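> In terms of my numbering, the sequence shown opens at residue 43 and continues consecutively.
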Amino acid sequence: MKKIPCYKLITLLLLNIIPFIYANAQDPEYPSTITVSKDGNANYKTIQEAVNSVRDLGEKEVKIYVKKGTYKEKLIIPSWKIRISIIGEDLEKTIITFDDYSGKSNLAGKDMFGNAKFSTYTSFSVLVQGNDTHLENLTIINAAGRVGQAVALHVEGDRFTAKNCRFLGNQDTLYAAVENSRQYYQNCYIEGTTDFIFGKATVVFQDCTVKNLSDSYVTAASTSAQQKFGFVFLNCKLIADSSVTKAFLGRPWRPYAKTVFLNCDLGKHILPLGWNPWKGDAMFPDKELTVLYAEYKNTGAGASPKTRLAWTKQLTDKEAKNYTLKNILGGADQWNPITN
C-alpha cells in the first residue's frame, strides 16, 4: 500500500477538525448561558434585557438563569426569540410580577393593538410568543387584584413547557392562547377566581395543583372544532380557599370546548353537577351540544360521576388510553415535552 506523506495526513486532519471546532465554538456575542440578578452581579439586571440579547431565530438553546428577587417587568418573549429557557434560582423567591388589567389606562400611550386601555389580551405580566420556550422554578404574578380580567401568563408559542412554576392571579390567570400552540405544565401551581385557566391551545397539565380563590369556574376552554384535544388534566389536585364551596370544573368559552380531567383529586368545592353550559352567552346559546367535557376515575369529595350533567361524559378505559402525551401533544413533529 502506498504510504501517504506526513504533511498530507496533517492537512487531512486539519480539514476535518477545523470545521468541527468552528461549528461548535461559542460565539462570544451570543452565549448559551446568561445570568440575571437585581444586584447587578450578573450579565443583566432585568430578564427582558437578557431575552433581548438572545440571537434572533437562533438554532441553539439559550438558558437564562435568574437569581432570587422580585422582578417587576412586563416581560415579552417575541416570536423571533426561540429556544429560550428561563430558570429561576428559587421557586418562591424568583418572582416576575406586573399589575395591568383589562380597562386600565395605558399611561405609556397605546398598547400593541393601538388601544389606549389594556384588554384581557394585553394585561399579561409575561407574554410568550417564541416557540420552544421553557420556564422553570419561577413565580409569575398579576398583582392587579380583583379588578376583572388580569392575565399573569399569556402563551402563544408552540412547544411551550413549564416545570415547577407558580402562576398567581385572580380572573384569567393563565391564558393558553392560540390553536396552533401546544403547551405542557408539569408540577405547577395555578390559582385564581373566575375562568383562571382559559384559551384555545392544546394543553396538558400533569401533577399540577389548581386552587380556586372564589366560587366560580376553573376553566374556560375555547377549543376549535378541528382540534382533537383541548385542556387535559392528568393526576392533578384541585383545592380551594376555605371560603370556597361552589366551583365548576369548567364552562365553555366557545362551542367546541374540550376539557378532560383524568385521575385527578377533586376537592369538596367542586359542585355535584361538575360543569356549567354558560347559557348566558347569546352568541353561542347551545354549547352543551358540541363540547367535550369528560372525566375518568377522579377521586376526592368533588368526584361524583352519578350526579354530573347528562351532556358531560365519563370516559371508558378504552377512551382513556388515548390520553397520552404522544397522542395529545406529539403532532407531525412527534414532540415529546419530557425529552425535548
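Ideal Cβ positions, reconstructed from N, Cα and C, are used throughout, including at glycine. Small disclaimer: the values here were computed from a predicted structure and weren't measured.
Within a Cβ cutoff of 6 Å, which residues of the same chain sit near Thr341, ignoring the five residues on either side of it in sequence?
Excluding sequence neighbours, Thr341 sits near Asp307.
> Return the chain-ordered list of same chain residues with a C-beta closer than 6 Å to the C-beta of Tyr86, the five sequence neighbours on each side being excluded.
Counting only Cβ-Cβ distances below 6 Å, and skipping sequence neighbours, we find Val78 and Ala92.
> Mapping DSSP to helix, strand and coil, what is Asp359?
Asp359: helix per DSSP, three-state reduction.
> DSSP puts Gly130 in a beta bridge; with which residues?
DSSP lists Val108 as partners of Gly130.
> Is Ile63 helix, strand or coil when you go by DSSP?
Note that Ile63 scores 38 on pLDDT, short of 50, meaning its location in the model is unreliable and no value can be drawn from it.
> Give every residue of the same chain whose Cβ lies closer than 7 Å to the Cβ of Asn254, excluding the five residues on either side of it in the sequence, and list them in chain order.
If we look at Asn254 and ignore the five residues flanking it on each side, its Cβ neighbours are Val260, Ala282, Asp283, Val286, Ala289 and His311.
> Considering only C-alpha positions, which residue in the set Tyr338, Ile182 and Leu351 is nearest to Tyr231?
Of Tyr338, Ile182 and Leu351, the residue nearest in Cα terms is Ile182.
> Just curious, the beta strand (DSSP E) that Glu337 is in, first and last residue?
Segment Leu334 to Tyr338, the beta strand (DSSP E) holding Glu337.
> So if DSSP puts Thr287 in a beta bridge, which residue, or which two residues, is it bridged to?
Answer is none; Thr287 lacks a bridge partner.
> By DSSP, does Tyr143 sit in helix, in strand, or in coil?
The answer is coil: DSSP assigns Tyr143 none of H, G, I, E or B.
> For Asn318 and Arg208, what's the separation of their Cα atoms in angstroms?
The alpha-carbon atoms of Asn318 and Arg208 are separated by roughly 27 Å.
> What does the alpha-carbon distance come out to for the pair Lys348 and Lys329?
Their Cα atoms are separated by approximately 22 Å.
> Between Val104 and Ile89, which are expected to be in contact by the criterion C-beta below 8 Å, what is the C-beta distance as a whole number of angstroms?
No, Val104 and Ile89 are not in contact; Cβ-Cβ is about 13 Å, not under 8 Å.
> Could I get the ranges of all uninterrupted beta strand (DSSP E) runs contained in the region 200-241, with 3 residues as the minimum, in chain order?
Here the runs fully enclosed are 202-205, 208-210, 216-218, 224-228, 231-234 and 239-241.
> Residues bridged to Gly26 by DSSP?
No answer is possible for residue 26: it lies beyond the span of the chain, which begins at 43 and ends at 382.
> Around the Cβ of Pro294, are there at least 16 other Cβ atoms within 10 angstroms (buried) or fewer (exposed)?
By the 10 Å Cβ count, Pro294 comes out buried.
> Is it buried or exposed, Ile380, if we count other Cβ atoms within 10 angstroms and call 16 or more buried?
Exposed, since its Cβ has fewer than 16 Cβ neighbours within 10 Å.
> Quick check on Arg188: buried or exposed, where buried means 16 or more other Cβ atoms within 10 Å of its Cβ?
Result: exposed.
> Have a look at Phe238 and Ser256 and give me their C-alpha separation to the nearest angstrom.
Approximately 11 Å, taken between the alpha carbons.
> Which value, in whole angstroms, describes the spacing of the CA atoms of Ile63 and Ser161?
Confidence at Ile63 is low in this model, with a pLDDT of 38, below 50, so the placement of that residue is unreliable and no value is reported for it.
> I want to know whether the region 191-206 touches the region 160-180 - three or more CB-CB distances under 8 Å.
Contact between the region 191-206 and the region 160-180 is present, because at least three Cβ pairs lie under 8 Å.
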